[in-house]
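Here the structure is laid out as structure tokens; the discussion comes afterwards.
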Amino acid sequence: MKVLVAYGGDSPEREVSLRSGEAVKEALSSLGWTVEGLDADSPLRVVERALSGAFDLVFVALHGGWGEDGTLQCLLDTHRIPYTGPRWGACMACMDKEITRGVLLARGVRVPEGIPFDGSMDQGVLLELLRRWGRLVVKPCRCGSTVGIGIVDHPSRLDRALDEAFRYDRRLVVERFIEGRELTVAVFDTPEGPKALPTVEIRPRSGFYDYSSKYTKGMTEYLCPAPLSEQEAEAVARAAVEAYRAMGCSVYSRVDVRLEEGTGEPRVLEVNTAPGMTSTSLVPKAANAFGWDFPEMLRRICEASLALQPGSAIPD
């Protein structure tokens, strides 16, 4: 098979994408496939190279921005170029946390309480929510890898959290901080339907799973399979698959979940359609616990993606 690995891009997650791309190139080459990497500066560059090089498949190792928000996927669909991961509509919806919340709530999937927020709104609303909930999570609407996310536990910290989040997006989501265990679930398509791989529990040594904790070796302890009761494991897996289906995902995605302290109820935080593929990334950890090494997991992603007939975003 001849695969073009697209990585890099110009989003705040560029450095992570470069690491994902290198890891994917090395692993796919170990399968005996012909692999070429492309540090892409635009979605059109990916399309041009995919067409000129007669590749069988584009492996999307881009994170954030046009590589994850459906822009690249829509262009590839338009040109009927096969690519890995969910289709463009799911990528667009999952990249926007406000849209994700709306879809999941409409489908009965539990998420943290929260509101959308932008610069035109009165911060007094957030101060009232902080008084009511005790802790807030402030998130840019369209960023991953915990970029721009802040925890607010005192009114004096609100301005700084908002300023940081507004660096990355003019639209935010502000949610109640869910006390409890931080979990993530890789969901893969199978002939029997979407299947949750073993859950990973995330225990950052700093107490908050921020960018540094996520991508610095030794900063976070990962437990896979997570030490959950049978009932908890089933509830978390069920919530992840429900979220995957609700968002229209295909091939594979990663669903982030908090198991709420006290109630034991899973709350879905977000759905990632282009999760990291570095040595510290979570989907490879789950796949390894399931019995797939890294090259085998990537082979399955590629084969499942090729089985999807590339459609066109533009009617014939």
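Residue numbers are given in the UniProt record's numbering: position 161 of the sequence shown equals residue 161, and the series is strictly consecutive.
Quick reminder that beta carbons are idealized off the backbone N, C-alpha and C, glycines included.
Short Cβ contact (8 Å threshold) for residue i with residue j
{"i": "residue 274", "j": "residue 63", "result": "yes"}
{"i": "residue 88", "j": "residue 70", "result": "yes"}
{"i": "residue 172", "j": "residue 143", "result": "no"}
{"i": "residue 60", "j": "residue 72", "result": "yes"}
{"i": "residue 198", "j": "residue 244", "result": "no"}
{"i": "residue 240", "j": "residue 185", "result": "yes"}
{"i": "residue 49", "j": "residue 4", "result": "yes"}
{"i": "residue 211", "j": "residue 147", "result": "yes"}
Counted within 10 angstroms of its Cβ, other Cβ atoms place residue i as buried (16 or more) or exposed
{"i": "residue 190", "result": "exposed"}
{"i": "residue 122", "result": "exposed"}
{"i": "residue 314", "result": "Low per-residue confidence applies at residue 314: pLDDT is 45, beneath 50, and the placement is therefore not dependable enough to give any value."}
{"i": "residue 307", "result": "exposed"}
{"i": "residue 40", "result": "buried"}
Spatial distance of residue i from residue j (CA atoms)
{"i": "residue 135", "j": "residue 112", "result": "12 Å"}
{"i": "residue 53", "j": "residue 292", "result": "30 Å"}
{"i": "residue 276", "j": "residue 282", "result": "7 Å"}
{"i": "residue 30", "j": "residue 162", "result": "45 Å"}
{"i": "residue 262", "j": "residue 207", "result": "19 Å"}
{"i": "residue 187", "j": "residue 7", "result": "22 Å"}
{"i": "residue 55", "j": "residue 236", "result": "38 Å"}
{"i": "residue 21", "j": "residue 104", "result": "30 Å"}
{"i": "residue 11", "j": "residue 170", "result": "15 Å"}
{"i": "residue 289", "j": "residue 265", "result": "24 Å"}
7 Å CB neighbourhood of residue i in its chain, flanking five on each side removed
{"i": "residue 294", "result": "27, 284"}
{"i": "residue 298", "result": "24, 27, 28"}
{"i": "residue 316", "result": "Summary for residue 316: the model assigns pLDDT 41, below 50, so the residue's position carries little reliability; its value from the coordinates is reported in the next sentence. Cβ neighbours of residue 316 beyond the five flanking positions: none."}
{"i": "residue 312", "result": "Only weak support is given to the placement of residue 312: the predicted model assigns it a pLDDT of 46, under 50, and the value that follows is read from those uncertain coordinates. Once the five neighbours on either side are set aside, the close Cβ partners of residue 312 are 77, 78, 80."}
Neighbourhood of residue i by C-beta, 6 Å cutoff - its chain only, sequence neighbours within 5 removed
{"i": "residue 249", "result": "86, 90"}
{"i": "residue 176", "result": "112, 113, 133"}
{"i": "residue 149", "result": "139"}
{"i": "residue 109", "result": "242, 243, 246, 268"}
Same chain only: Cβ atoms within 8 Å of residue i, ignoring 5 sequence neighbours per side
{"i": "residue 51", "result": "79, 81"}
- Query: Counting only runs that start and end within the segment 204-287, where is the beta strand (DSSP E) found for 3 or more residues in a row?
  - Reply: 220-223, 252-260, 266-272
At which residue ranges does the segment 56-86 contain complete beta strand (DSSP E) runs of 3 or more residues, listed in the order of the chain? Entirely contained in the segment 56-86, the beta strand (DSSP E) runs reaching 3 residues are, in chain order, 57-60.
Give the list of continuous beta strand (DSSP E) stretches no shorter than 3 residues that lie fully inside the segment 110-185.
114-118, 136-140, 150-152, 171-176
Discussion item. So within the segment 16-52, which uninterrupted beta strand (DSSP E) runs reach at least 3 residues, ignoring any that extend past its ends?
Written reply: The qualifying runs are 34-40.
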